[in-house]
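Using this note's numbering, read the sequence shown as starting at 989 and increasing by one per residue. Don't be surprised by glycine CBs; every beta carbon is placed ideally from N, CA and C.
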Amino acid sequence: MTSYKDLLKQREALEAQIAQAREREISQAVSQVRALVAEFGLSAQDVFPTAVRVKSSGGAKGQKVAPKYRNPATGETWTGRGKPPKWIAGKDRTEFTIA
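Here it is as structure tokens:
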């Protein structure tokens, strides 16, 4: 049976081999990409366009929204999102709309 220390040594050797293989394969991949870019005359803009936007999964979290409604008595405002405050709940909202 292999001892714990022997297994740790084997793991270190494997991790070193993995790192070397990764460096070698990255180098080959970069060479291939450079060859293709040169062959087709591509620019960085062709390969990595800046106009492409990454779609966020959460929407606009944390962004403030302008208030849509104001309580004329207190000046308190509400954006129209979430649970309505007591002063507007169940009432016609048109009379509280901010122009």
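The alpha helix (DSSP H) that contains residue i, what's its start and end?
i     : result
D1034 : A1032 to V1035
K993  : Y992 to F1028
Distance, Cα to Cα, residue i vs residue j?
i     : j     : result
F1084 : G1068 : 11 Å
P1037 : S1031 : 10 Å
T990  : Q1008 : 26 Å
P1055 : Q1033 : 40 Å
L1002 : L995  : 10 Å
E1027 : Q1016 : 16 Å
T1062 : V1053 : 20 Å
CB residue i to CB residue j, shorter than 8 Å?
i     : j     : result
E1064 : P1072 : no
V1018 : V1025 : no
Just checking my contact of residue i with residue j at CB under 8 Å: how many whole Å lie between their CB atoms?
i     : j     : result
I1086 : R1058 : 5 Å
Short of 7 Å in beta carbon distance, which residues of its chain neighbour residue i, apart from the five on each side in sequence? Order them along the chain.
i     : result
R1081 : Y1057
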